[in-house]
Amino acid sequence: MSTTANNTENENATATGKLGTYLEAYGELIAERQERDPVWLRQLREDAWRRFYANGFPTTHDEDWRFTNLAALAKTSFQRAVKGSGTVTAEQIEGFRVLGAGCRLVFVNGHFAPELSDVCDLPNTLEICSLERGIAKAMEGSASNGSAPVGCAPEGIEQHLGRYADLRRDVFTALNTALWDDGAYLRIHRGAVIERPIHLLYVSAGAGAAIMTHPRTLIVAEPTSHSAVIEDYVSIGDETAFSNAVTELVAGQDAVVSHFLVERENLAAFNVSTLRLELARGTNVSSHSILLGGGLVRNNVHPVLNGEGAECLINGLFVGAGRQHLDNYMLVEHAQPLCSSRQFYNGILDDRARGVFHGRIVVHKDAQKTDAKQTNRNLLLSDDARIDTKPQLEIYADDVKCTHGATIGQIEEEQLFYLRSRGIEETSARNLLLYAFAAECLDRMPESPAREFVAELIRVRLTDLAQNHQVAVLAAPVEEETQHWEEVR
Amino acid sequence: MSSTVETIRGLAEQDYKWGFVTDIAEDRAPKGLSEDIVRLISARKGEPEFMLEWRLNALRHWFRMAKEEGAPTWANLTIAPIDYQNISYYSAPKKKPQLESLDQVDPELLRTYEKLGIPLNEQKMFSGVAVDAVFDSVSVATTFKGKLAEMGVIFCSFSEAVQKHPELIKKYLGTVVPHTDNFYAALNAAVFTDGSFVYVPKGVRCPMELSTYFRINAAETGQFERTLIIADEGAYVSYLEGCTAPIRDENQLHAAVVELIALDNAQIKYSTVQNWYPGDKEGRGGIYNFVTKRGKCLGVNSKISWTQVETGSAITWKYPSCILQGDNSVGEFYSVALTNNRQQADTGTKMIHIGKNTRSTIVSKGISAGYGQNTYRGQVKILKSATGARNYTQCDSLLIGDRCGAHTFPYIEVRNASARMEHEASTSKIGENQLFYLRQRGLTAENAVSMIVNGFCKTVFKELPMEFAVEAQKLLGVSLEGSVG
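For the protein sequence lines, the chains are C and G, in the order given. With numbering that gives the first Met the number 0, letter number 315 in the first sequence gets 314, and the count goes up by one each step, no holes. With numbering that gives the first Met the number 0, letter number 394 in the second sequence gets 393, and the count goes up by one each step, no holes.
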């Protein structure tokens with residue numbers, strides 16, 4: 000008994016020790032923002048901080064984290080990235096450009112970099128600014144007796160920020176809410192149609208030490224608006240960084256929004272991103288997640304269908320190689336009747352990569368006539384790769400149509416044979432099938448510059464993967480040859 | 000004043016003396032769980048030393064678990080706390096001298112069997128079913144032993160096996176479900192009173208379906224059964240298990256353990272129809288059914304098949320599993336689980352693929368009506384060594400009424416690139432047009448629902464032996480009574 004008590008004490012002590020850097024960062028941030036944050040925000044941060052500090056990081060005993068071990072993340076001590084850390088030039092950013100995109104906001108180590116951004120001027124259609132500026136303007140506005148600030152109308156921020164993402168259930172959301180420095184604020188006006196996708200680029204650039212950023216994004220799509228947003232996580236250099244992003248997307252009645260998440264950071268990066276979608280009546284929201292990079296990645300998508308007739312598409316592709324760990328956690332909540340949701344996730348895993356798919360559909364009591372589908376398909380390219388998939392249905396209404404399916408397999412011999420019998424050599428045939436499997440997710444995206452952009456990223460990634468395989472195939476006989484040669488000698 | 004107290008005390012004592020629920024005199028251990036109780040059980044059963052040691056080990060482990068973790072809470076169930084010290088762990092019908100024929104069996108007992116339709120009589124014998132009836136923990140009658148003995152098949156109560164075949168017990172007991180496996184398995188290992196034991200020798204195909212009927216009678220007596228079935232190389236056995244229980248007010252705990260072992264080329268088919276008292280409409284009373292069932296395909300080309308129809312019990316917590324260790328071994332799981340009124344079920348299977356080219360099939364059908372909560376929880380684990388492993392899973396849920404719930408929690412873990420697995424699940428309610436079609440042909444709403452439900456479960460029923468299949472269909476109809484309209 001006494002030993003157990005000691006152990007728990009020790010664990011507690013180490014847990015607090017590990018959270019020490021976060022406590023420091025929080026103290027720093029609070030002191031810094033004393034003047035700048037409005038009261039409601041300070042309260043929100045405090046509440047979130049308490050939740051985080053009380054719980055600490057989850058362990059694999061936690062059902063939601065069963066397949067993802069956070070020991071490496073908890074062990075590393077991350078510094079809060081200060082403004083101006085990491086120098087990034089316009090040339091470096093150029094490589095990440097999305098062709099055909101409209102506005103672009105660039106954040107370096109979590110801080111807004113106006114000199115690298117293209118803020119477009121679309122009056123009466125779109126308001127776009129950094130979240131911090133939005134809040135600063137709101138403070139100015141209230142100080143000067145409510146005169147409307149120019150460029151960014153921030154009144155929506157207080158109304159929406161932190162109202163959807165769940166602090167209670169998810170410690171990473173709590174951590175982000177307590178510690179965010181900056182992020183993007185978007186408001187698409189009623190009935191506005193934004194033709195070109197908006198690009199939000201989050202860059203982590205080395206700052207000499209392992210840094211952490213907590214980007215926060217708020218997207219308010221007003222009724223009957225149309226828009227597309229690309230959230231893009233990249234890194235310059237190969238330093239370890241931890242980015243813990245939270246995005247809240249609020250879609251008003253009959254709005255149409257596509258959200259793209261692209262994760263292409265370096266292999267030392269820790270990335271936790273949480274996308275919370277709030278769907279009103281008649282909305283059509285799609286979330287496309289493309290996970291290609293990152294060492295340890297957790298992708299949370301949590302749509303709540305909170306109005307009759309809302310439709311939600313959750314589409315994703317994850318491609319892992321080396322020792323990457325890609326964890327996808329979906330929670331689809333049907334709260335109102337007559338909604339439909341579609342989930343499709345495809346995974347490709349090579350080498351020692353590990354993939355996790357956790358899909359949960361919850362149909363609440365009132366959500367009659369729900370139509371929910373979920374499919375997870377996985378391709379394992381190596382014997383050391385590993386996939387854990389856990390599709391779940393929790394249904395409390397009776398008049399529903401819910402299905403889920405999961406498959407795990409390898410490239411079909413029959414399909415290979417078919418292509419080879421038509422004169423395509425094996426490597427090309429294999430690559431073709433691999434690309435076809437990945438391209439299923441592209442077929443579910445509407446024709447747009449965003450899709451072109453994602454398609455190109457996937458093509459490059461899969462070519463890399465295929466080349467690795469080719470190298471492996473070529474390397475084997477070479478080894479044999481040397482052996483043989485030695486024997487002869 | 001004092002005389003009043005005395006009178007009351009006298010009355011109370013009287014009540015205690017004659018107030019038993021059953022009319023059969025019982026040999027019952029005092030309530031509570033301790034090493035002494037375990038020693039008492041072991042002594043009563045005249046067990047050898049190794050059994051007592053094994054039980055005590057399990058009990059110590061259970062105490063540790065109870066103290067540190069408590070009962071498992073991960074299942075999607077609401078369980079009222081159980082006071083393990085308020086249960087009597089041993090009760091046996093009054094001992095009688097060796098029984099020669101059925102005439103010597105207590106007529107009261109025979110009447111109870113009659114009521115429950117348990118065929119402990121000539122007719123049933125001719126129909127080729129050997130019955131090992133368990134009445135409150137001690138086997139009273141075993142039939143068809145002679146014929147089985149001729150073929151070398153051992154089919155007897157667990158206590159008898161401990162006496163007569165201790166070497167087999169020693170070799171296999173706890174090898175599939177060790178006492179450390181889970182909370183209820185540890186409890187069972189410590190205090191189990193009886194159960195069935197089957198050993199089918201090399202190359203023997205068991206000539207008949209072996210069957211046991213369990214029945215819980217004494218109020219507040221937990222039943223802790225332990226079944227061990229071993230199919231030696233090339234053997235085949237089909238085992239049926241069926242349960243009924245009379246109405247009781249208090250929750251009764253049932254924590255059984257079933258272990259199956261299939262050696263090279265052996266096959267075991269295990270079928271269950273479980274219809275214990277589910278409690279009344281408000282969910283009072285009813286059996287807690289916390290069972291650990293697991294089979295090990297130890298040898299190459301072996302096969303274990305579970306089929307279950309779960310319609311009873313207030314709470315069901317049950318995951319019949321297969322460890323597919325031998326190359327080319329096969330595991331199957333077919334299940335129908337029905338929850339009506341306030342019943343809760345968290346049931347499913349585990350398929351652990353270890354050997355090469357191992358295959359498993361899971362077909363699960365869940366039906367929820369009334370306020371019932373029905374959960375499928377399954378795990379398919381394909382380890383690195385399981386090259387060419389194959390799994391197919393299908394779990395469907397049917398909802399009847401708007402207060403019930405159906406949930407699916409599959410866990411799929413694959414570590415081998417050559418493995419193939421498919422998982423499909425669906426949840427829906429009975430279509431209005433299907434009901435309309437049947438009703439316009441003159442069926443009542445209730446019959447129409449019953450017919451649709453039976454169609455829904457057909458793929459599982461066809462895996463059941465004939466007599467059971469018929470019984471199961473009737474059972475579903477009875478269990479769904481009052482859920483429509």
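From the three backbone atoms N, C-alpha and C, an ideal C-beta is built for every residue, glycine too. Computed from a predicted model, the values in this text were never measured in an experiment.
In the DSSP assignment, C:V361 forms a beta bridge with C:E332, C:E393. Secondary-structure assignment with DSSP links C:G85 through no beta bridge to anything. For C:S288, the uninterrupted beta strand (DSSP E) run begins and ends at 283-290, by DSSP. Each residue's CA atom was taken as its position, placing G:G284 and G:A344 some 15 Å apart. Within the same chain, Cβ atoms closer than 6 Å to the Cβ of C:A454 are found at L441, the five residues on either side in sequence being excluded. If the five residues before and after G:V176 are omitted, its C-beta is found closer than 7 Å to the C-beta atoms of A184, V256, E258, T291, R293, all from its own chain and listed in chain order. Annotation for G:N453: the continuous alpha helix (DSSP H) segment containing it runs 444-455. Taking all protein chains shown into account, C:W48 has 16 or more neighbouring C-beta atoms within 10 Å of its C-beta and is therefore buried. By the Cβ rule, the segment 175-183 of chain C does not count as touching the segment 431-438 of chain C, because fewer than three pairs are nearer than 8 Å. Of the residues assessed, C:D117 falls on the exposed side of the cut-off, its CB having fewer than 16 other CB atoms within 10 angstroms. With respect to chain C, the C-beta atom of G:F182 has no partner C-beta closer than 8 Å. Sixteen is the threshold: when 16 or more other Cβ atoms of the shown chains lie within 10 Å of the Cβ of C:L40, as they do, the residue is buried. Relative to the Cα of C:V81, the nearest Cα in the group C:W64, C:V87, C:V107, C:P57 belongs to C:V107. C:V97 is positioned such that its CB atom lies no closer than 8 Å to that of C:I235.
Proximity of the segment 76-85 of chain G to the segment 394-412 of chain G falls short of the contact definition, fewer than three beta-carbon pairs being nearer than 8 Å. Residue contact check for G:K383 against chain C: a CB pair falls below 8 Å. A direct Cα-Cα distance of roughly 30 Å separates C:S257 from C:R65. When C-beta atoms of the segment 372-389 of chain G are compared with those of the segment 367-374 of chain C, fewer than three pairs fall below 8 Å, so the two segments do not count as touching. Judged by beta-carbon spacing, C:N377 lies within the 8 Å limit of C:T406, meaning their Cβ atoms are closer than that value. Of all C-beta pairs linking the segment 321-331 of chain G to the segment 350-360 of chain G, three or more are shorter than 8 Å, placing the two stretches in contact. Nearest CB-CB separation between C:H468 and chain G: not below the 8 Å threshold. Using a Cβ distance threshold of 8 Å, C:T273 and C:A164 count as a contacting pair. Selection C:R79, C:T216, C:G161, C:R162 evaluated against C:S129 yields C:T216 as nearest (Cα-Cα). Around G:I40, the same chain offers A28, R54, Y88, Y89, V190, T192 as residues with beta carbons nearer than 8 Å, after the five sequence neighbours per side are excluded. Against chain G, the beta carbon of C:A405 has neighbours under 7 Å at I411, H422, listed in chain order.
The contact set of C:A254 on chain G, defined by CB atoms closer than 9 Å, is empty, because the minimum CB distance reaches about 29 Å. A straight line joining the alpha-carbon of G:E331 with that of C:A352 spans about 31 Å.
Interface residue (Cβ-Cβ distance to chain G less than 8 Å): C:C401 is classified as such. Taking a Cβ-Cβ threshold of 9 Å, none of the residues of chain G is close to C:S340; the smallest such distance is about 14 Å. Taking the C-beta atoms as reference points, C:D169 is found no nearer than 8 Å to C:L199.
Counting the other CB atoms within 10 Å of its CB gives C:R167 a total below 16, which places it among the exposed residues. C:C440 carries a helical assignment under DSSP once its states are collapsed to helix, strand and coil.
If you check each beta-carbon in the segment 249-264 of chain G against every beta-carbon of chain C, none falls closer than 9 Å. Per DSSP, G:M150 is not a residue of any alpha helix (DSSP H), being assigned neither H nor E. Secondary structure of C:I92 (DSSP, three-state): helix. Between G:V197 and G:F154, the beta carbon gap of about 5 Å places them in contact (Cβ cut-off 8 Å).
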